[in-house]
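Structure first, then comments.
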Amino acid sequence: NAGVMQNPRHLVRRRGQEARLRCSPMKGHSHVYWYRQLPEEGLKFMVYLQKENIIDESGMPKERFSAEFPKEGPSILRIQQVVRGDSAAYFCASSRLGTDTYEQYFGPGTRLTVT
Amino acid sequence: DQQVKQNSPSLSVQEGRISILNCDYTNSMFDYFLWYKKYPAEGPTFLISISSIKDKNEDGRFTVFLNKSAKHLSLHIVPSQPGDSAVYFCAASGMGGNQFYFGTGTSLTVIP
Chain A
2 NAGVMQNPRH LVRRRGQEAR LRCSPMKGHS HVYWYRQLPE EGLKFMVYLQ KENIIDESGM
62 PKERFSAEFP KEGPSILRIQ QVVRGDSAAY FCASSRLGTD TYEQYFGPGT RLTVT
Chain B
2 DQQVKQNSPS LSVQEGRISI LNCDYTNSMF DYFLWYKKYP AEGPTFLISI SSIKDKNEDG
62 RFTVFLNKSA KHLSLHIVPS QPGDSAVYFC AASGMGGNQF YFGTGTSLTV IP
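Heads up: the protein sequence lines correspond to chains A and B, in order. Take 2 as the starting number for the first sequence in our numbering and just add one per residue. Take 2 as the starting number for the second sequence in our numbering and just add one per residue.
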């Protein structure tokens, strides 16, 4: 009964490097959401994807951030040329039917540290 | 622009007593509300939800109350147990909305 899986759990990058965060949704789930939690803040929505489609990316920074959810394999959140302000916990969630269920199941998160 | 607010960053309660966690929202288009519980180094876990057509939903020791006119919801845990110690986030979603808006969380400590 595997839940949402994220890897790596911890990622350290130097300024200017690229960060790739992976998310495998729960079995049977085809909708993936990415959230970011900055220190002392709540979770902030970034992007909602279905297989091969970005449905809502209204929470994504306009530059350096991209997300994909290919037909095969995990969803990837990619951050290019990381800066110190990107240091945060990034959570992925999945749901079975998207907005109809309203219940999103979260992974354990990836803690990104930019040095 | 924080549309969902949890104004109490922390709360301590004696074991066996009631814990009341509060949440306020500003967007009247929100029609679905959820509470999540989060332990350190783990992702949030869904706890209980309520739609705007109801004013109360109960699940075991957990009850969520919704006051639409005040744009306020609360989570009651009774009796509180030490295992309830965690950070609790409330979240809200609008009709057909894809994203949840989360509050900043309240850290609950239940003292044995």
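Glycine included, each C-beta is placed from N, C-alpha and C at the ideal position.
For the beta strand (DSSP E) containing residue i, name the first residue and the last one.
i	result
Asn-58 of chain B	57-60
Asp-57 of chain A	54-57
Glu-69 of chain A	66-69
Arg-1 of chain A	Since the first residue shown for chain A is 2 and the last is 116, residue 1 of chain A is missing from the structure and cannot be characterised.
Asn-68 of chain B	63-68
Arg-37 of chain A	32-38
Asn-23 of chain B	20-26
Which partner residues does residue i have in the DSSP bridge list?
i	result
Glu-8 of chain A	In the sequence as presented, Glu is not what sits at residue 8 of chain A; that position holds Asn. Asn-8 of chain A pairs with A:Arg-23.
Could one say the Cβ of residue i lies closer than 9 Å to chain C's Cβ atoms, at least one of them?
i	result
Gly-17 of chain A	The chain inventory of the structure shown lacks chain C, comprising the protein chains A and B.
Throw me the rounded Cβ distance for the residue i and residue j pair, which I believe falls under 8 Å.
i	j	result
Ile-51 of chain B	Phe-63 of chain B	Incorrect: roughly 11 Å between the Cβ atoms, too far for contact.
Gly-106 of chain B	Gly-43 of chain A	6 Å
Tyr-1 of chain A	Ala-94 of chain A	The displayed coordinates of chain A run from 2 to 116. Any statement about residue 1 of chain A would go beyond what the structure contains.
Asp-87 of chain A	Val-115 of chain A	5 Å
Tyr-91 of chain A	Arg-37 of chain A	5 Å
Pro-10 of chain B	Ser-108 of chain B	6 Å
* Asked: Mind listing which residues of the stretch 51-67 of chain A have their C-beta closer than 9 Å to chain B's C-betas, in chain order?
  -> Ile-56, Asp-57, Ser-59 and Gly-60
Discussion item. Three or more C-beta pairs under 8 Å: does that hold for the stretch 24-38 of chain B against the stretch 66-86 of chain B?
Written reply: yes
Counting only Cβ-Cβ distances shorter than 7 Å, please list the residues of the stretch 50-72 of chain B near chain A, keeping chain order.
Ser-50
| If we count Cβ pairs, one from each stretch, closer than 8 Å, do we get three or more for the stretch 72-83 of chain A versus the stretch 22-42 of chain A? | yes
Could you name the residues of the stretch 38-49 of chain B whose beta carbon sits closer than 8 Å to any beta carbon of chain A, in the order they occur along the chain? Ala-42, Glu-43, Gly-44, Pro-45, Thr-46 and Phe-47
- Message: Quick test of the definition: if touching needs 3 or more C-beta pairs under 8 Å, does the stretch 79-87 of chain A touch the stretch 17-27 of chain A?
- Response: yes
- Message: If the cut-off is 7 Å on Cβ atoms, which residues from the stretch 69-97 of chain A count as contacting chain B, listed in chain order?
- Response: Phe-92
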